[in-house]
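Sequential numbering from 624 applies to the sequence shown in our numbering.
Contents: one structure, followed by commentary.
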Amino acid sequence: MTFRRRLLVTVSIVLALSAVRPAFAAPAQDHAGHWEGAIELPGTKLEVDVDLSKRADGTWTGDITIPAQGAKDLPLGTIKVEGADVSFAIAGIPGDPAFKGQVSADGTRIAGKFTQGGQTFPFELKRGDDPVAKAKKALEGFDEVVAKGLAMLKVPGAAVAVVKDKEVILAKGYGFRDVEAKLP
């Protein structure tokens with residue numbers, strides 16, 4: 624094979640690979656979502672869940688729930704997301720509680736250090752299901768349950784509403800409001 628032919632084949636291969644490469648490149652991770660996990664305190668794990676979302680202007684917002692402490696949807700402050708690095712603080716809490724960690728290459732976990740009051744503890748969060756989607760899935764088959772309940776109780780109708788995290792999951796009327804006229 625001549626030098627010119629080898630050069631042409633090499634250039635062709637390089638061009639072909641550069642066109643194919645983006646298809647195999649790792650997708651940019653979206654760190655927004657619902658995260659569940661724990662802070663490793665001495666002798667115990669403190670369960671937490673964190674919700675992160677990115678605003679249209681590129682800034683971040685979020686909240687944390689710590690069930691064992693009765694803390695629900697505490698606002699996060701100073702949220703920074705740069706590549707795989709993620710950090711945030713719990714706003715308005717004594718001891719300046721803060722998380723600094725990294726998102727795994729596959730985007731399924733955040734692990735790092737939690738600090739508060741001069742002490743440092745490891746933490747790990749795993750990407751969880753969206754609570755609203757989880758609630759909607761839990762209601763699959765609910766219509767049949769209500770229909771059986773109406774029949775069993777001999778009730779002509781009922782209105783049911785289910786709200787999760789300020790979002791209406793279900794708002795529906797069942798049975799009849801007027802049995803004689805068969806009005807739903």
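Yeah, the Cβ is synthetic: ideal placement off N, Cα and C, and Gly gets one too.
Opposing strand residues paired with residue i [DSSP bridges]
| i | result |
| --- | --- |
| residue 806 | 801 |
| residue 704 | 709 |
| residue 657 | 674 |
| residue 620 | Here the chain covers residues 624 to 807 and nothing more, so residue 620 does not appear. |
Span separating the alpha-carbon of residue i from that of residue j
| i | j | result |
| --- | --- | --- |
| residue 736 | residue 671 | 14 Å |
| residue 725 | residue 765 | 40 Å |
| residue 707 | residue 777 | 58 Å |
| residue 773 | residue 739 | 53 Å |
| residue 745 | residue 720 | 13 Å |
| residue 722 | residue 758 | 28 Å |
| residue 669 | residue 768 | 36 Å |
| residue 657 | residue 666 | 26 Å |
Local Cβ density within 10 Å of residue i, reported as buried at 16 or more and exposed below that
| i | result |
| --- | --- |
| residue 709 | buried |
| residue 699 | buried |
| residue 712 | buried |
| residue 636 | Only weak support exists for where residue 636 lies, its pLDDT of 42 falling under 50; the value from the coordinates is given anyway. Under this definition residue 636 is an exposed residue. |
| residue 697 | buried |
| residue 674 | buried |
| residue 806 | exposed |
Residue-chain proximity (residue i, chain B), Cβ-Cβ < 8 Å
| i | result |
| --- | --- |
| residue 671 | This model lacks chain B altogether; it includes just one protein chain. |
Per-residue DSSP class, three states only, for residue i
| i | result |
| --- | --- |
| residue 766 | helix |
| residue 772 | helix |
| residue 726 | strand |
| residue 755 | helix |
| residue 777 | coil |
| residue 787 | strand |
| residue 665 | coil |
| residue 691 | helix |
Of the listed residues the options, nearest to residue i (C-alpha basis)
| i | options | result |
| --- | --- | --- |
| residue 701 | 655, 685, 695 | 685 |
| residue 679 | 668, 655, 757 | 655 |
| residue 661 | 715, 741, 751, 653 | 751 |
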